[in-house]
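In this note's numbering, the protein residues as written are 379 to 954.
Cβ atoms here follow ideal geometry from the backbone N, Cα and C, with glycine treated the same way.
Everything below concerns the one structure shown next.
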Amino acid sequence: MPYHVASENAPAAGRSYYLTTPIYFVNGRPHLGTAYTTVAADALARAMRLDGRDAWLLTGLDEHGQKVAQTASAQGISPQQWVDSVAPLFIDAWRDLNVSYDDFIRTTEERHVRGVQHFFNTLYECGAIYKSVYQGYYCVPDETFFTDEQLAEFALAAEEAGGAAKNESGEWLCPDCGRPLSFVEEENLFFRLSDYAEPLLAHYRGHPEFICPEIRKNEVVSFVQGGLRDLSISRTSFDWGVPIPFAPGHISYVWVDALINYLSAIGYGSDDPADQALFTRRWPAQIHFVGKDIIRFHCVIWPAMLMAAGLPLPEKVFAHGFLLTKGEKMGKSRGNVMQPLELARHFTQDGYRYYFLADIQFGADGSISLKRMLQVYNADLANSWGNLCSRVLNMTNKYLGGEIPELWPKTYAALSRKLGNPLGELAEALYDKYIAAFEAIDYAGALAAVLELVDRANLYIEETAPWTIAKEAQKETEAALAAGISLDDAKAPTINDQLCFVLYNLLEAIRVIALYYAPVMPASSCEIWRRLGLGDPLALSNLKAASTWGGLEAGGRIEVGDALFPRKTEADVGIG
RNA sequence: CGCGGGGUAGAGCAGUCUGGUAGCUCGUCGGGCUCAUAACCCGGAGGUCAGGGGUUCAAAUCCCCUCCCCGCAACCA
């Protein structure tokens, strides 16, 4: 079920902010890697929406290719039946991880087929595609061709490494995956990729932010500098793919098919003026999220295809690193394989999302482990953030009868001068830091900035010791009562005012913190806001205004509730 | 010359581009507090920044060499 942006909230004329994940190949279920990309994209999309951008998040499935056809036939069902049976696994997984995608595209959908065909026609008409006979080796599982030259290089390398480029039966092995290659001879359509090396290099130079992080850009640049070969973009040996209109018997190479999803999902190739308007509004994409293994497709082939078709290029391709599980002995036999949904059950949706975004530098490889995940969960979420909420809500309940305190602006200003307001100051400075971090796709940085405010608030409680103020305030109240005077008539702030001041600041701090945490931890943030008597923070589209200090209205009642992130032990999460 | 990542306190990392008292989180030890999820706050211990050489007034950071580890085999991102 797609998540719908409240378009009334979004600035009507503002630029769309279009983000994509790769479309995932259906030969398997969602795993840690796909979940990582998808959750990261979701967090950015939510942050952008919260900041008033018209964000549009696309994910989906890559359902074509020979491997799919083979898997289906092994199961004795049609390819369509097979992909239909797999698609719900992804849809359910993204729902369970609280991914707010706006659209979910499947390459077997008619809108996509239409888009791919339109794209092929466009390239054909402008002469970017030609026909030629291919004779040589082909890796069926990878759907990749290899030239004699490539195989010769591979043989040389294999020999030096003490391995072999051929198996016992004398068949060539795939340089990429090591499985045997097939010899094929077929007529293929080729895309003139070789024409684009210079234009691509010029683009990289002119748009230093196009490929991130930098290390990946360097890789791509040196690859392209080595020269590009024309790319075979059609297949004739099987038919599970998009038929190419002007070449009967030919279907699209899966990668070309797959890349076009970024266009077909937003109306490309449609005759409907509404679709065309949508396309104009959304394209070019602001960011394609990809794993570092597929940067060549996204940073070389894809932009070259777009150049050929006369379309603008996406603003950024961000390649994140891999999650490494070294050190942690895992395996199906041990029964402790890290499965996204299982981890989310242990640590809650929010705990899961937080861990991967806060503890790993997005863009670099990260080592992950259950043990570390438990540490981060307990330290940041249970002890720091969750416990802060408990402390503040409990004290408000205990000392103020659960009511958000009212202070005259005059009193508040006087107390700020007298006692200082470190939380307000830090909170006001948070917006710029937070947005800058998100713009740099630095989740760890953004979350660390929020955690600073959490830590400062916990310290603030120690500094102000509300329990001590409460006792004095109690005495003050009793004394006033005995003397028959009202504290309301006091000229200077009373001790009771001081107590209200401190607790108001703390309540306001948790309101603001929850707001900033919302893109990464939607469920718990929403719950905190509910306990403060507020609505869903994610329905807002004005982060700056919403986070302005003093936004919490007095008079409302709070609800204490249970621990937001209960502490967990190793036994709870199955370590041991 | 296969490609790529990396070696900084017990663990995980930042700092390296733009040289200048070695920093963060967790753990650990001691103390404080009591509002709270045995949580929170303060303080301490713990590192010759893999090794060697060079440049420099000064190197974790720049240059050269050596050693070691990891991914490229999986549900692959």
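- Message: Run through the DSSP bridge pairs and tell me what Phe667 is partnered with.
- Response: The partner list for Phe667 (beta bridge, DSSP) reads Phe696.
- Among residues of its own chain, excluding the 5 on either side of Tyr508, which ones have a beta-carbon nearer than 6 Å to its beta-carbon? Closer than 6 Å at Cβ, skipping near neighbours: Phe568.
- Message: Starting from Tyr414, trace the alpha helix (DSSP H) in both directions and tell me its first and last residue.
- Response: Segment 410-428, the alpha helix (DSSP H) holding Tyr414.
- Query: Should Trp618 go down as buried or exposed, given a rule of 16 or more other Cβ atoms within 10 Å for buried?
  - Reply: Buried is the call here.
- Task: Determine the closest residue to Thr415 out of Tyr646, Ser612, Asp671, Ala896, with distance taken between C-alpha atoms.
- Result: Considering only alpha carbons, the answer is Asp671.
- Decide if the stretch 720-738 is in contact with the stretch 819-831; the criterion is three or more beta carbon pairs, one per stretch, under 8 Å apart. For the pair of segments examined, the stretch 720-738 was found to touch the stretch 819-831: the number of CB pairs separated by less than 8 Å reaches three.
- Message: Using only CA atoms, which one of Ala807, Arg908, Cys552, Gly548 lies nearest to Leu529?
- Response: Of all alpha-carbon atoms in Ala807, Arg908, Cys552, Gly548, the one lying nearest the alpha-carbon of Leu529 is that of Cys552.
- Among Tyr640, Thr614, Ala826, which one has its Cα closest to the Cα of Val511? Comparing Cα positions, the closest option is Thr614.
- Item | Contacting residues, own chain, Cβ-Cβ under 7 Å from Asn405 (five flanking each side not counted) | Closer than 7 Å at Cβ, skipping near neighbours: Lys445, Val446, Thr449.
- Query: Is Cys767 helix, strand or coil by DSSP?
  - Reply: The three-state reading of DSSP puts Cys767 in helix, counting H, G and I together.
- Output the distance between the C-alpha atoms of Gly411 and Gly744, rounded to the nearest integer angstrom. When the Cα atoms are used, Gly411 and Gly744 turn out to be separated by approximately 11 Å.
- Could you tell me the distance, in whole angstroms, from the CA atom of Ile665 to the CA atom of Phe696? Those two C-alpha atoms are separated by around 7 Å.
- Mapping DSSP to helix, strand and coil, what is Gly802? In this structure, Gly802 counts as helix in the three-state DSSP scheme.
- Selected residue, minimal CA-CA separation from Ala643, among Asp649, Val634, Asp653: Of the listed residues, the one whose Cα sits closest to Ala643 is Asp653.
- Assigned secondary structure, Ile936 (DSSP; H/G/I helix, E/B strand, else coil): Note: Ile936 maps to coil in three-state DSSP.
- Reduced DSSP category for Asp481 - H, G, I as helix; E, B as strand; rest coil: Secondary structure at Asp481: strand, using DSSP grouped into helix, strand and coil.
- State the beta-bridge partners of Phe734 as determined by DSSP. BP columns for Phe734 are empty, so no partner.
- Message: Please state the DSSP three-state secondary structure of Arg613.
- Response: Correct three-state label for Arg613: strand.
- Query: Using the C-alpha atoms, what's the distance from Arg795 back to Thr842?
  - Reply: Distance from the CA of Thr842 to the CA of Arg795, rounded to the nearest whole angstrom, comes to 15 Å.
- Query: So Leu942 packs on Asn836, CB below 8 Å; how close in whole Å?
  - Reply: With a Cβ gap of about 14 Å, Leu942 and Asn836 do not count as contacting.
- Item | Residues bridged to Cys517 (per DSSP) | Its beta-bridge partners are Thr522.
- For Gly604, the nearest candidate out of Ala760, Ala932, Glu850, Val678 (CA to CA): Of Ala760, Ala932, Glu850, Val678, the residue nearest in Cα terms is Val678.
- Which one of Ala848, Arg889, Asn596, Gln717 has the shortest CA to CA distance from Gly911? Residue Arg889 is the option with its Cα nearest to Gly911.
- Message: On the DSSP letters alone, give me the boundaries of the alpha helix (DSSP H) that Pro900 sits inside.
- Response: It spans 900-909 - the alpha helix (DSSP H) in which Pro900 sits, taken as one unbroken run.
- Task: Kindly indicate which three-state DSSP category Ala391 falls into: helix, strand or coil?
- Result: In this prediction, Ala391 has a pLDDT of 47, which is less than 50 and means its spatial position is unreliable; what the coordinates show is noted afterwards. In the structure shown, the three-state DSSP call for Ala391 is coil.
- Task: On the DSSP bridge assignment, give the partners of Gly744 in chain order.
- Result: Answer is Leu701.
- Query: So, using beta-carbon positions, are Leu606 and Leu571 closer together than 8 Å?
  - Reply: Yes, they are a contact pair.
- Task: Identify which residue in Arg909, Tyr515, Glu850 has its Cα closest to the Cα of Glu564.
- Result: Closest by C-alpha distance to Glu564, out of Arg909, Tyr515, Glu850, is Tyr515.
- Query: Beta carbon of Ala413, beta carbon of Leu397: below 8 Å?
  - Reply: No.
- Message: The beta strand (DSSP E) that contains Leu606, what's its start and end?
- Response: Premise fails: Leu606 is in no beta strand (DSSP E) and is neither H nor E.
- Message: Which same chain residues end up closer than 8 Å to Leu702 when comparing Cβ atoms and leaving out the 5 residues on each side of it in sequence?
- Response: These residues qualify, in order along the chain: Asp743, Gly744, Ser745, Ile746.
- Message: Can you look up Tyr631 in the DSSP assignment and give me helix, strand or coil?
- Response: Note: Tyr631 maps to coil in three-state DSSP.
- Ser711 to Val620 span [Cα, whole Å]: Note that Ser711 has pLDDT 41, beneath the 50 cutoff, so the model's placement of it is unreliable and the number below is only indicative. CA-to-CA, the gap between Ser711 and Val620 works out to about 40 Å.
- For Val461 and His442, the rounded distance between their alpha carbons: Rounded to whole angstroms, His442 to Val461 spans 9 Å at the Cα level.
- Message: I'd like to confirm something about Val461: is its beta-carbon nearer than 7 Å to some heavy atom of the ligand NAD, or not?
- Response: The ligand content of the structure shown is nil, which means the ligand NAD is not present either.
- Do you know whose CA, among Phe468, Leu859, Gly647, Ala892, lies nearest Leu439's CA? Considering only alpha carbons, the answer is Phe468.
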